[in-house]
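Protein sequence lines correspond, in order, to chains A and B. Start counting at 1 in the first sequence, then tack on 23, and there's your number in the numbering used here. Start counting at 1 in the second sequence, then tack on 12, and there's your number in the numbering used here. Just so you know, even glycine gets a beta-carbon here, dropped at the ideal spot from N, CA and C. This report refers to the structure that appears directly beneath it.
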Amino acid sequence: AQSVTQLGSHVSVSEGALVLLRCNYSSSVPPYLFWYVQYPNQGLQLLLKYTSAATLVKGINGFEAEFKKSETSFHLTKPSAHMSDAAEYFCAVTSYSSASKIIFGSGTRLSIRP
Amino acid sequence: DAMVIQNPRYQVTQFGKPVTLSCSQTLNHNVMYWYQQKSSQAPKLLFHYYDKDFNNEADTPDNFQSRRPNTSFCFLDIRSPGLGDAAMYLCATSRDTVDERRQNEQFFGPGTRLTVL
Numbered sequence: 024a025q026s027v028t029q030l031g032s033h034v035s036v037s038e039g040a041l042v043l044l045r046c047n048y049s050s051s052v053p054p055y056l057f058w059y060v061q062y063p064n065q066g067l068q069l070l071l072k073y074t075s076a077a078t079l080v081k082g083i084n085g086f087e088a089e090f091k092k093s094e095t096s097f098h099l100t101k102p103s104a105h106m107s108d109a110a111e112y113f114c115a116v117t118s119y120s121s122a123s124k125i126i127f128g129s130g131t132r133l134s135i136r137p
Numbered sequence: 013d014a015m016v017i018q019n020p021r022y023q024v025t026q027f028g029k030p031v032t033l034s035c036s037q038t039l040n041h042n043v044m045y046w047y048q049q050k051s052s053q054a055p056k057l058l059f060h061y062y063d064k065d066f067n068n069e070a071d072t073p074d075n076f077q078s079r080r081p082n083t084s085f086c087f088l089d090i091r092s093p094g095l096g097d098a099a100m101y102l103c104a105t106s107r108d109t110v111d112e113r114r115q116n117e118q119f120f121g122p123g124t125r126l127t128v129l
């Protein structure tokens with residue numbers, strides 16, 4: 024079965040600092056992985072996705088993630104945090120048992136300090 | 013712009029009073045989902061429609077029902093809301109094809125926040 028684990032339910036960084044949100048996956052088949060962002064009282068918005076075309080994936084708002092098979096990781100990074108990046112971030116993997124379902128991690132709340 | 017629309021954005025109902033939440037999409041996606049999301053938690057899938065086929069999650073209470081009268085619309089019915097059903101309800105869509113199975117992301121609506129008094 025597929026699963027994702029997000030390390031750290033809350034991450035706080037200073038404005039302008041590096042953002043690193045951790046995600047590890049478990050999958051018996053090559054995974055398709057996603058990062059979503061959710062702003063307060065909003066739905067989820069796709070930041071980026073990995074579908075095996077390239078291990079370094081660039082997304083919206085300056086975010087990127089690197090797929091590392093040896094580490095079973097798909098960490099999300101951004102070189103310089105903005106106040107507007109404050110939100111909840113979810114890592115997700117598609118379920119092999121059902122083509123249309125995705126499995127979410129528990130989420131990481133990102134706070135930005137002025 | 014193609015999008016997923018949810019109405020209303022905020023819904024207040026009384027304990028035990030049936031309520032219906034609606035979702036529409038202009039993406040022409042064949043799969044539609046309903047999620048329940050409680051504070052500081054990940055979305056929890058309630059059920060999804062693959063075309064006209066209804067797929068219920070094993071742990072979704074019978075109190076929750078859904079209808080999909082056509083490709084564009086999907087409804088969530090809560091027959092007798094309890095206090096524990098207060099949550100954000102998210103509708104999402106995706107395009108699932110044999111060639112692109114598992115690759116396509118889900119597109120989410122803005123959600124309906126349900127309050128039960």
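{"Query": "Quick one: complete beta strand (DSSP E) runs, 3+ long, within the segment 56-107 of chain B?", "Result": "56-62, 65-68, 76-79, 85-90 and 99-106"}
{"Query": "If you follow the beta strand (DSSP E) that N47(A) is part of, which residue opens it and which one closes it?", "Result": "V42 to S49"}
{"Query": "Nearest chain A C-beta to R80(B) closer than 8 Å, yes or no?", "Result": "no"}
{"Query": "Strictly below 7 Å CB to CB, what residues from chain B border F97(A)?", "Result": "Chain B residues near F97(A): none, gap ~14 Å exceeds 7 Å."}
{"Query": "To the nearest angstrom, how far is the alpha carbon of F59(B) from that of D108(A)?", "Result": "31 Å"}
{"Query": "Rounded to the nearest angstrom, what separates L41(A) and S103(A) at their Cα positions?", "Result": "5 Å"}
{"Query": "Looking at chain B, which residues of the segment 61-87 of chain A have a Cβ within less than 8 Å of any of its Cβ atoms?", "Result": "N64, Q65, G66, L67, Q68, L69, K72 and T74"}
{"Query": "Could you have a look at M15(B) and say whether DSSP puts it in helix, strand or coil?", "Result": "coil"}
{"Query": "Distance, Cα to Cα, G39(A) vs K56(B)?", "Result": "33 Å"}
{"Query": "Could you please give me the residues that DSSP links to T127(B) through a beta bridge?", "Result": "V24(B)"}
{"Query": "According to DSSP, simplified to helix, strand and coil, what is S34(B)?", "Result": "strand"}
{"Query": "Compare the C-alpha of C46(A) against each of F127(A), N64(A) and R136(A) and name the closest.", "Result": "F127(A)"}
{"Query": "Might you give, ordered along the chain, the residues of its own chain that have their beta carbon closer than 6 Å to the beta carbon of L33(B), omitting 5 neighbours on each side?", "Result": "L88, Y101 and T124"}
{"Query": "Per DSSP, what kind of secondary structure is S134(A) in: helix, strand or coil?", "Result": "strand"}
{"Query": "So, are the CB atoms of V80(A) and Y48(A) less than 8 Å apart?", "Result": "no"}
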